[in-house]
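In terms of the working numbering, the sequence shown opens at residue -12 and continues consecutively.
Worksheet: the structure to be examined is printed underneath.
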Amino acid sequence: MTNLPAKLKIFNILSDSDFNDAAIEVFKFQYANNGVYHEFVNLLGVETHKISSYQNIPFLPIEFYKTQSVASVRDKPEHIFLSSGTTTGNRSRHLIFSISLYQQTILKCFNHFYGSPENYIIAALCPDYISLPESSLSFMLDFLIKQTKTSESGFYLNNIPSLVKLLNKKRKKTVIVFGITYALMDFAELYSLPLENVIILETGGMKGKRKEMTREEVHECLKNKFFIKKTHSEYSMCELLSQAYSSGEGIFVPPPWMKIFIRDAHDPLTILQAEKTGGVNIIDLSNIYTCSFIATGDLGVVHHNGSFTISGRFDHSDTRGCNLLQSY
């Protein structure tokens, strides 16, 4: 591959200074090697040699993933993930040049929030990876399921009776029911179970299969049906390698190598202060081979401690099938 920044040590970031050093190094690398990003930055008239803070790095609009091959290396991709394609628009294409890096990112994100997958049973309510190989979510869950090293983990979308049996039995390990929103709501419509030692973790996505509901309505329904205090959530998208997780109330925490910024909805080059609503910009340093600096179509708020909430989508943006939205 093209010479990469000194291996970056992105998973060893301990401070804002560490993050800044890594982000600047990634920016220089991607500006030099990513043709799409290079041209975009030049069209903005940015004096790149003056950028010394990650807060001044330009963000590439996510729409470029639908029309361009966004890549910072010239190798053949090992895999290509596609966005869910819930509308008639073009689907985003994320070229994956290192499956092992994606796997490492998945595992480190999960470990950061929940600890080792071996401590859990993961029951996935979404299409399995074999039937939907272009789905980054299905790949992620397939990988995490294998890391649990138990036959009780698996994809249960087409085997709900077995899931009910699993949830009702006595066991030492916590079960994480990790599902697309419409599948979780379908499950909740069929069953009302007092769940113990179970985490319900939704990842958004009605895919037009159910009526639109706010995240709060979905979470309240799941809490009432399963007699749980909180509904967990996961936030990511086809164009990212990293995941942020929420342990309740829709407040997401990014891993140390990921930061969220909010841009002015009317002036996309202006970054807003904490607690202001606007467009969501993301730095994901795991995206070293594509682009780590992305302006998404989501609306949200960053809180003073770096956590964030997602409040919806821009009107012109496609509805995502896996991405967490306020209105599904």
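Beta carbons: idealized from backbone N, C-alpha and C, even for Gly.
How many angstroms separate the CA atom of residue i from the CA atom of residue j?
i, j, result
"Ser179", "Glu262", "37 angstroms"
"Lys63", "Glu50", "22 angstroms"
"Leu209", "Ala175", "7 angstroms"
"Asp3", "Lys246", "10 angstroms"
"Leu182", "Cys278", "41 angstroms"
"Thr135", "Ser103", "8 angstroms"
"Asn184", "Ser56", "44 angstroms"
"Ser123", "Phe68", "6 angstroms"
"Asn77", "Glu121", "14 angstroms"
"His253", "Gln260", "15 angstroms"
"Ile186", "Thr35", "45 angstroms"
"Phe126", "Ile147", "21 angstroms"
"Leu171", "Leu153", "16 angstroms"
"Tyr222", "Arg158", "29 angstroms"
"Glu203", "Leu177", "20 angstroms"
"Asn310", "Met224", "At Asn310, the pLDDT of 33 sits below 50, so the modelled position is not reliable and the matter cannot be decided from this model."
"Thr137", "Asp5", "37 angstroms"
"Asn211", "Val205", "10 angstroms"
"Ile0", "Phe213", "38 angstroms"
Inspect the beta-carbon positions of residue i and residue j and report whether they are closer than 8 angstroms.
i, j, result
"Glu189", "Thr161", "no"
"Leu94", "Ile109", "no"
"Thr92", "Ser220", "no"
"Ser229", "Trp244", "yes"
"Asn7", "Ala58", "no"
"Val366", "Tyr276", "Lying before the first or after the last residue shown, residue 366 is absent from the chain, which here runs from -12 to 315."
"Pro241", "Gly293", "yes"
Going by DSSP, name the residue or residues bridged to residue i.
i, result
"His219", "Leu188"
"Ala231", "Tyr222"
"Phe239", "Ser233, Phe295"
"His290", "Paired residues: none, contrary to the question."
"Val164", "Ala110, Ile187"
"Pro48", "Ala282"
"Phe142", "Ala111"
"Lys246", "Ile270"
"Ile329", "Because the chain here runs from -12 to 315, residue 329 falls outside it and cannot be looked at."
"Arg300", "Asp285"
"Gly265", "Gly287"
"Phe68", "His81"
Quick one: what's got a C-beta closer than 7 angstroms to residue i's C-beta in the same chain, skipping five residues either side?
i, result
"Glu226", "Ile49, Tyr52, Ser79, His81, Ile281"
"Phe97", "Pro104, Leu131"
"Glu65", "Ile83, Phe84, Ser85, Ile86"
"Glu207", "none"
"His99", "Pro242"
"Val33", "Pro45"
"Ser40", "Asn7"
"Leu119", "Ser125"
For residue i, which residues from the same chain have a beta carbon less than 6 angstroms from its beta carbon, with the 5 sequence-adjacent residues on both sides left out?
i, result
"Phe248", "Ile258, Asn268"
"Trp129", "Per the sequence shown, residue 129 should be read as Asp rather than Trp. Counting only Cβ-Cβ distances below 6 angstroms, and skipping sequence neighbours, we find Tyr116."
"Ser304", "Below a pLDDT of 50, predicted positions are generally treated as unreliable, and Ser304, at 49, falls in that range; no measurement from the model is reported."
Can you find the residues in the same chain that come closer than 8 angstroms, C-beta to C-beta, to residue i, ignoring five residues on each side of it along the sequence?
i, result
"Thr296", "Gly237, Ile238, Phe239, Gly287, Val288, His290"
"Leu150", "Ala110, Leu112, Tyr143, Val164, Phe174"
"Asn155", "Leu180"
"Ile38", "Ile11, Phe14, Ile44"
*Three CB pairs or more closer than 8 angstroms across the stretch 19 to 39 and the stretch 237 to 247*: Contact fails: fewer than three Cβ-Cβ distances are below 8 angstroms.
_I want to know whether the stretch 107 to 114 touches the stretch 140 to 149 - three or more CB-CB distances under 8 angstroms._
Contact annotation: the stretch 107 to 114 touches the stretch 140 to 149, with at least three C-beta pairs closer than 8 angstroms.
*On the three-pair Cβ rule with 8 angstroms, is the stretch 283 to 295 touching the stretch 258 to 273?*
Flag = yes, the stretch 283 to 295 and the stretch 258 to 273 touch.
_Taking contact to mean 3 or more Cβ pairs, one atom from each stretch, closer than 8 angstroms, check whether the stretch 38 to 47 and the stretch 85 to 105 are in contact._
Contact fails: fewer than three Cβ-Cβ distances are below 8 angstroms.
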